[in-house]
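J.: I am attaching a structure below and will ask some questions about it afterwards.
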Amino acid sequence: MEEGQLSRSNLESSDQENAIHMLLVPYPLQGHITPFIKLAYLISGRGIMVTLVITEFAHARMMAAEPELDNERYKVRYITVPDGLSEDDARNDEGKLAQSISKVMPGHLREVLEKVNMEGNRVTCVIADPMFGWALEIAETMKVKLAMFWPSAPGILALILNIPKLIEDGIIDTKGSSKIDGKVQLSPDLPPLTSTDFLWNFSGNQSAEAMFQYFLGIQQNMKRSGWLLCNWFHDLNPLVGNLVPHMFPVGPLLANGKPAANLWPEDSTCLSWLNKQPDRSVIYVAFGSISVFSQHQMDELALGLELVGRPFLWVKRSDLIIGGSSKYPNGYEERVANQGKIVQWAPQEKVLAHPSIACFLTHCGWNSTMDGLRMGVPFLCWPYFADQFYNRSCICNGYKVGLSLSPDEYGIITRHEIRRKLDSLVADYGIRANALKLKEMAEQSINEGGSSVRNLDNFILQMKQ
Ligand code: UDP
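And the structure:
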């Protein structure tokens, strides 16, 4: 069996299974699209018909980045719908995109369901992003089963599901403001949360109260949806499962060499570059799809990597710098030409699985966290916003597989801090041993008879009933 591939279980493909048709509806951001496509592969790998509904704009970018994406050998069909914005509108204004999508998507989903049903491939189950809570009503009126896929961490799920209890216990008020100074323990196997971990405080251009109401809505929808799939494995946080009876951890989700539905083209030259590096020597540096840096902060990062003196592979998106184009420090590219490789977007799953990787300097997005856990790589944490701060606590204090960078008094992570922590991380055998232990656990969960395989079996059986 291909390494990391979810094994087939006793649930073999049959005519009855072919009669199931699942419609997956991710929110059109990279951190949502990627786990949904991996979930789509997992399900279609069981002989089940899978269709992914995605906005035209995101689909066009995905196809430009990976023209192979909709090849029928991957067994995932795509249906595209407009996002309600004009061609010239900037999709990186997240508030505007979210508003437009919430207006137009419910109508599109209804139409898609009607059309697909008329064609004879009747949809039996919709798996929706929790950001699309309105899908519940549509599924109910159209008599389709509705599952949700949670794209973030177990602790964040616990936080959202516990909102009513946090209010009841006087920890937050009905507007989401913290009423206590201390920490909150939501599950014995999760690090405690502080009020800075409360997601609704990262509100962008919305008020924290509006964001709190939004998360309250998500909580209610997730409670009502019959099934909740998620990207982790049971043994990672076994007690979190007690929070919801209908939770199905099916991770770690993997593309296993199939197109990962990237919005940027992968630069595979980094793989041949990695082939030339010694085992466990390379620092992999990537901050997901949304994080941005000031020019000053980027200079410190660049100089910090140089200072460490180890080989590095740095994913530096063209939009990584606030305000657009970025410059390297004077003479930098020439100086690091033999030390580092800089790309716009990497095949992250393959990179992290490469034997030359020593550690992962990450923004702690949940997908990246699962990528790193699956591959047994120690983390150096540099969270940017939202759930990433709490994910850092899980990585460093819960799973004990990483260290965290600390900003100086001006809020800057200096080159010296980067060097100090990277040196400590690569020399920390305890962290490395923990990372390898978790890797093994992750692998067991997706191998024959593993918990994630059984959960997927169980979910599919329930979809058939
Ligand atoms: N990713 C990738 N190549 C890169 C950087 C990121 O394939 O160079 C993928 C990564 O595997 C993950 C996703 O992009 O699946 C980023 O999601 P995450 O939750 O880590 O962060 P976000 O982008 O949502 O902040």
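Each step along the sequence shown adds one to the number in the numbering used here, with nothing skipped, and position 336 is 445.
Quick reminder that beta carbons are idealized off the backbone N, C-alpha and C, glycines included.
Bear in mind that the values here come from a model prediction, so they are computed numbers and not experimental data.
Just to confirm my understanding: we take Asn340, look at its own chain, exclude 5 residues before and 5 after, and list those with CB closer than 6 angstroms. What are they?
T.: Taking the sequence shown and counting its residues from 1, the one referred to as residue 340 is at position 231. Within the same chain, Asn340 has close Cβ partners Pro144, Gly360, Leu362 and Met479.
J.: How about Ser398: is its Cβ closer than 8 angstroms to a heavy atom in the ligand UDP?
T.: To locate residue 398, count along the sequence shown from 1; it is residue 289. True, at least one ligand heavy atom lies under 8 angstroms from that Cβ.
J.: Which residue wins for smallest C-alpha separation from Ile280, given the options Ser209, Ile269 and Val293?
T.: Stepping through the sequence shown from its first residue, residue 280 is reached at position 171. Residue Val293 is the option with its Cα nearest to Ile280.
J.: From this set, Leu245, Val162 and Pro273, which residue's C-alpha is nearest Val225's C-alpha?
T.: On the sequence shown, residue 225 is found 116 positions in, with the first residue counted as 1. Here the closest residue by C-alpha is Val162.
J.: Could you pull out every residue in the same chain whose Cβ sits closer than 8 angstroms to the Cβ of Tyr508, ignoring the five residues on either side in sequence?
T.: Within the sequence shown, numbered from 1, the residue matching residue 508 stands at position 399. These residues qualify, in order along the chain: Leu345, Leu482, Asn543 and Leu547.
J.: Just list the residues that DSSP pairs Tyr323 with in beta bridges.
T.: Residue 323 sits at position 214 when you count from the first residue of the sequence shown. None, per the DSSP bridge assignment.
J.: Figure out for me which residue from Ser304, Pro297 and Ser296 has the closest Cα to the Cα of Lys288.
T.: Your numbering for residue 288 matches position 179 in the sequence shown. It is Ser304 whose Cα lies nearest to the Cα of Lys288.
J.: Leu148 and Val190: beta carbons closer than 9 angstroms?
T.: Looking up residue 148 in the sequence shown gives position 39. Looking up residue 190 in the sequence shown gives position 81. No, they are not a contact pair.
J.: Going by DSSP in three states, Val424 sits in which element: helix, strand or coil?
T.: As a working mapping, residue 424 is identified with position 315 in the sequence shown. Of the three classes helix, strand and coil, the one that applies to Val424 here is strand, per DSSP.
J.: Mind checking whether Arg524 and Leu380 have CB atoms under 9 angstroms apart?
T.: By one-based count along the sequence shown, residue 524 stands at place 415. By one-based count along the sequence shown, residue 380 stands at place 271. No, the pair does not count as a contact, with Cβ atoms beyond the cut-off.
J.: If you draw a straight line from the C-alpha of Met131 to the C-alpha of Leu245, how long is it?
T.: For the purposes of this step, residue 131 is taken as residue 22 along the sequence shown, with counting starting at 1. For the purposes of this step, residue 245 is taken as residue 136 along the sequence shown, with counting starting at 1. C-alpha separation (whole angstroms): 15 angstroms.
J.: I'd like the list of long-range same chain contacts for Ala495, defined as Cβ closer than 8 angstroms, with 5 residues on each side in sequence excluded.
T.: Numbered from its first residue, the sequence shown carries residue 495 at position 386. Excluding residues within five positions, the ones whose Cβ falls inside 8 angstroms are Leu308 and Phe311.
J.: Could you check what DSSP says for Gly559 in three-state terms: helix, strand or coil?
T.: Position 450 of the sequence shown, counted from the start, is the residue given in the question as residue 559. Gly559: coil per DSSP, three-state reduction.
J.: My parser needs the alpha helix (DSSP H) runs of 4 or more residues fully inside the region 200-286; what are they?
T.: The qualifying runs are 203-228, 244-250, 263-270 and 272-277.
J.: Leaving out the 5 sequence neighbours to the left and right, which residues in its chain are closer than 8 angstroms to Ile276 when beta-carbon positions are compared?
T.: Here residue 276 is taken as the residue at index 167 of the sequence shown, counted from 1. Excluding residues within five positions, the ones whose Cβ falls inside 8 angstroms are Asp282 and Thr283.
J.: Apart from the five residues just before and just after Asn330, which ones in its own chain have a Cβ nearer than 6 angstroms to its Cβ?
T.: Looking up residue 330 in the sequence shown gives position 221. Hits under 6 angstroms: Gly242 and Leu245.
J.: Among Leu255, Thr250 and Glu220, which has the Cα closest to the Cα of Thr233?
T.: Residue mapping note: residue 233 aligns to position 124 of the sequence shown, counting from 1. Closest by alpha carbon: Leu255.
J.: Going by DSSP, what residue range makes up the beta strand (DSSP E) through Tyr493?
T.: If you number the sequence shown from 1, residue 493 lands on position 384. It is not in any beta strand (DSSP E) - Tyr493 carries neither H nor E in the DSSP assignment.
J.: Say the cut is 8 angstroms; is the CB of Val452 nearer than that to a heavy atom of the ligand UDP?
T.: Position 343 of the sequence shown, counted from the first residue, corresponds to residue 452. Indeed, a heavy atom of the ligand UDP lies less than 8 angstroms from the Cβ.
J.: The beta strand (DSSP E) with Gly449 in it runs from where to where?
T.: Taking the first residue of the sequence shown as position 1, residue 449 is located at position 340. Run containing Gly449: Gly449 to Val452, per the beta strand (DSSP E) assignment.
J.: So, do the region 348-355 and the region 424-433 have three or more beta carbon pairs nearer to each other than 8 angstroms?
T.: No, they do not touch.
J.: Report yes if the C-beta distance between Val452 and Leu531 is below 9 angstroms; otherwise report no.
T.: Sequence index remark: in the sequence shown, residue 452 carries index 343 (1-based). Sequence index remark: in the sequence shown, residue 531 carries index 422 (1-based). No, Cβ-Cβ distance for Val452 and Leu531 is not below 9 angstroms.
J.: Any heavy atom of the ligand UDP closer than 8 angstroms to the CB of Leu148?
T.: Reading the sequence shown from its first residue, position 39 is the one you call residue 148. Checking every heavy atom of the ligand UDP against the Cβ of Leu148, none is found closer than 8 angstroms.
J.: Can you tell me whether DSSP reads Ser515 as helix, strand or coil?
T.: Indexing the sequence shown from 1 puts residue 515 at position 406. Ser515: coil per DSSP, three-state reduction.
J.: In the DSSP assignment, the beta strand (DSSP E) including Ile392 goes from what residue to what residue?
T.: To locate residue 392, count along the sequence shown from 1; it is residue 283. Val391 to Ala395 is the span of the beta strand (DSSP E), which, as asked, contains Ile392.
J.: Within 10 angstroms of the Cβ of Arg182, are there 16 or more other Cβ atoms? Answer buried if so, exposed if not.
T.: The residue you call residue 182 lines up with position 73 of the sequence shown. Exposed is the call here.
J.: Helix, strand or coil, according to DSSP, for Thr303 in the structure here?
T.: Counted from its first residue, the sequence shown places residue 303 at position 194. Reduced to three states, the DSSP call for Thr303 is coil.
J.: Compute the Euclidean distance between the alpha carbons of Ile188 and Ile521, then round it to the nearest angstrom.
T.: Taking the sequence shown and counting its residues from 1, the one referred to as residue 188 is at position 79. Taking the sequence shown and counting its residues from 1, the one referred to as residue 521 is at position 412. Rounded to the nearest angstrom, the two C-alpha atoms are 44 angstroms apart.
J.: Just checking Pro144 against the ligand UDP - is the residue's beta carbon closer than 8 angstroms to any of the ligand's heavy atoms?
T.: Here residue 144 corresponds to residue number 35 of the sequence shown, with the count starting at 1. Pro144: yes, Cβ under 8 angstroms from the ligand UDP.
J.: Write down the C-beta distance between Ala467 and Val510 rounded to the nearest angstrom, noting that I regard them as a contact closer than 8 angstroms.
T.: Numbered from 1 along the sequence shown, position 358 holds the residue referred to as residue 467. Numbered from 1 along the sequence shown, position 401 holds the residue referred to as residue 510. Actually they do not touch by this definition, with Cβ atoms about 13 angstroms apart.
J.: Helix, strand or coil: how does DSSP classify Val535 here?
T.: In the sequence shown, the residue the question calls residue 535 occupies position 426. Residue state, collapsed to three classes: helix.
J.: Can we count Asn371 as close to the ligand UDP, meaning its CB is less than 8 angstroms from some heavy atom?
T.: Counted from its first residue, the sequence shown places residue 371 at position 262. Correct: Asn371 has its Cβ closer than 8 angstroms to the ligand UDP.
J.: My assumption, with CB atoms under 8 angstroms, is that Glu415 sits in contact with Gln386. Please give the rounded CB distance.
T.: Numbered from its first residue, the sequence shown carries residue 415 at position 306. Numbered from its first residue, the sequence shown carries residue 386 at position 277. Rounded, the Cβ-Cβ distance is 16 angstroms, inconsistent with contact.
J.: Between Thr189 and the ligand GTP, is there a pair consisting of the residue's CB and a ligand heavy atom that are separated by less than 8 angstroms?
T.: As presented, the structure is devoid of the ligand GTP, carrying the ligand UDP as its sole ligands.
J.: Which residues in the same chain have their Cβ closer than 6 angstroms to the Cβ of Pro135, if we skip the five residues on either side of it in sequence?
T.: On the sequence shown, residue 135 is found 26 positions in, with the first residue counted as 1. His141, Ile142, Phe145 and Asp238, listed in sequence order.
J.: Cutting at 7 angstroms between CB atoms, please list the residues of its own chain near Glu111, excluding the five before and the five after it.
T.: The residue labelled residue 111 in the question sits at position 2 within the sequence shown. Its pLDDT being 39, under 50, Glu111 is placed unreliably by the model, and nothing is read from it.
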